[in-house]
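Here's the structure, in structure tokens; my notes come after.
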Amino acid sequence: MFKLTRKQLRTYLFSILLFVLLILSVSVFRKPVNASLRQPLGLAALLKREAAGIIFFHRNLMENRSLKRENDFLKTKINSLSEYYLENLRLKEALAFKNKSPLKLIAAGIIARPADNWSLGIVIDKGSYSGIRKGMSAITYLGLVGRVTETTEHTSRITLLNDPNLGVSGIVQRSRQEGLVSGTLGGNLIMKYLPEDADIRIQDTVISSGLDAAYPKGILIGTVVEVGREFSGLSRYALIRPAVNFSNIEEILVVVQ
């Protein structure tokens, strides 16, 4: 058996002590080192997640904007197609009325109208060059609109039937009661100068009588909505709801016969 000298024993013990100290130092310092390594690694992972979230949000935002633009475009297309469809229906109805009517008619479109007072009239895109003259009547397939009061070579102004200064001879279709129809400030029409015993009722239909040369006979004017007596008590009146909505006319037929 080997015997260690005193010097060798000291060297051996010193080596063991040094080894133990080294192990202890590694065990003590390992946790802070790992923590110091984990901190930057955790920060990097957090930044990566945030970056991914930002990229995802941006991508969704771009997709939503693209979908909104596409949706707006489709809405515009649908509105345009609806407008074309409705315009086509109106033109078909106007053409069918024109073809069936015994009257000679010129079709025209509205190019201007006052924004604050419908009774001042409308301007159409046909004038004397197309054969339109002052005094001619204007209608739609729904009924009587008014009278041409001004013309230029390529435009005409039409005073609407609801203008208080315009009058037309009307007749109750059921009873043949006649009266003068003009506009009111409320936008309706009024049939005036009816005798006390006039046979006229609510819901009666009123048409043009033809006694006024400017208006052909039988054009629909409107429907009676109220019957009353004048303040004088000597005559009666009837309020008439126009057959034509004067605020949304888009096409006109001028009677040139």
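Quick note on numbering: the working numbering labels position 170 of the sequence shown as 716, and the sequence is numbered without any gaps. Don't be surprised by glycine CBs; every beta carbon is placed ideally from N, CA and C.
Between the alpha carbons of residue i and residue j, how many angstroms are there, rounded?
i                 : j              : result
glycine 725       : arginine 615   : 58 Å
glutamine 803     : arginine 679   : 11 Å
valine 572        : leucine 607    : Its pLDDT being 49, under 50, valine 572 is placed unreliably by the model, and the measurement read from it follows with that caveat. About 52 Å.
leucine 690       : alanine 789    : 8 Å
asparagine 791    : glutamate 609  : 45 Å
threonine 697     : arginine 703   : 6 Å
aspartate 743     : asparagine 711 : 27 Å
alanine 760       : glycine 779    : 31 Å
isoleucine 748    : leucine 688    : 20 Å
valine 801        : glycine 768    : 19 Å
phenylalanine 603 : serine 612     : 14 Å
isoleucine 670    : arginine 659   : 9 Å
threonine 705     : threonine 695  : 6 Å
serine 793        : valine 770     : 20 Å
asparagine 734    : asparagine 617 : 42 Å
arginine 605      : lysine 672     : 55 Å
threonine 730     : glycine 756    : 22 Å
Give me, in chain order, the residues of the same chain whose beta-carbon lies closer than 8 Å to that of residue i; leave out the 5 immediate sequence neighbours on both sides.
i              : result
leucine 740    : Gln723, Gly725, Ile746, Ser781, Arg782, Tyr783, Ala784
isoleucine 795 : Ile656, Ile668, Thr686, Val691
glutamate 776  : Lys738, Arg782, Tyr783
isoleucine 765 : Ser683, Ile685, Gly689, Leu690, Ile753, Ser754
Relative to the C-alpha of residue i, which residue among the options is closest?
i              : options                        : result
isoleucine 798 : Gln749, Arg611, Met682, Asn610 : Met682
serine 754     : Val718, Ala744, Gly733         : Val718
leucine 651    : Ala658, Arg659, Ala684         : Ala684
serine 674     : Gln749, Leu688, Glu699         : Glu699
lysine 763     : Arg605, Lys738, Met737, Ser715 : Ser715
leucine 807    : Thr701, Ser721, Gly732, Arg720 : This structure cannot settle anything about residue 807, because the visible part of the chain is limited to 547 through 803.
arginine 787   : Val773, Gly677, Asp758         : Val773
isoleucine 736 : Asp709, Ala653, Asp758, Ser721 : Asp709
arginine 693   : Ser612, Asn617, Asp758, Arg605 : Asp758
threonine 701  : Val770, Leu649, Ala653, Ser793 : Ala653
aspartate 750  : Asn617, Arg720, Lys672         : Arg720
In terms of residue numbering, what span does the beta strand (DSSP E) encompassing residue i cover?
i             : result
valine 802    : Counting along the chain, valine 802 falls outside any beta strand (DSSP E), and DSSP gives it neither H nor E.
serine 754    : 751-754
tyrosine 739  : 735-740
proline 788   : 782-788
serine 793    : Unbroken run through serine 793: none, as it is neither H nor E.
arginine 775  : 766-775
glycine 667   : No beta strand (DSSP E) contains glycine 667, which DSSP labels as neither H nor E.
threonine 730 : Neither: threonine 730 is in no beta strand (DSSP E) and is coded neither H nor E.
alanine 744   : Segment: none, alanine 744 is in no beta strand (DSSP E) and carries neither H nor E.
threonine 695 : 690-697
alanine 684   : 683-685
leucine 757   : Where leucine 757 is concerned, there is no enclosing beta strand (DSSP E), given that its DSSP letter is neither H nor E.
glycine 716   : 713-718
arginine 703  : 702-706
glycine 655   : 651-658
Using a Cβ-Cβ cut-off of 6 Å (strictly less than) and excluding sequence neighbours within five positions of residue i, which residues of its own chain qualify?
i              : result
glycine 713    : Leu726, Ser728
isoleucine 601 : none
Does the CB of residue i have a neighbour CB from chain B at under 8 Å?
i           : result
glycine 713 : You won't find chain B in this structure, because it holds only one protein chain.
Near residue i, what residues of its chain come up, given a Cβ to Cβ distance below 7 Å and the 5 sequence neighbours on each side ignored?
i           : result
serine 676  : Ile652
leucine 809 : Given that the chain is displayed from residue 547 to residue 803, the structure contains no residue 809 and the question cannot be resolved.
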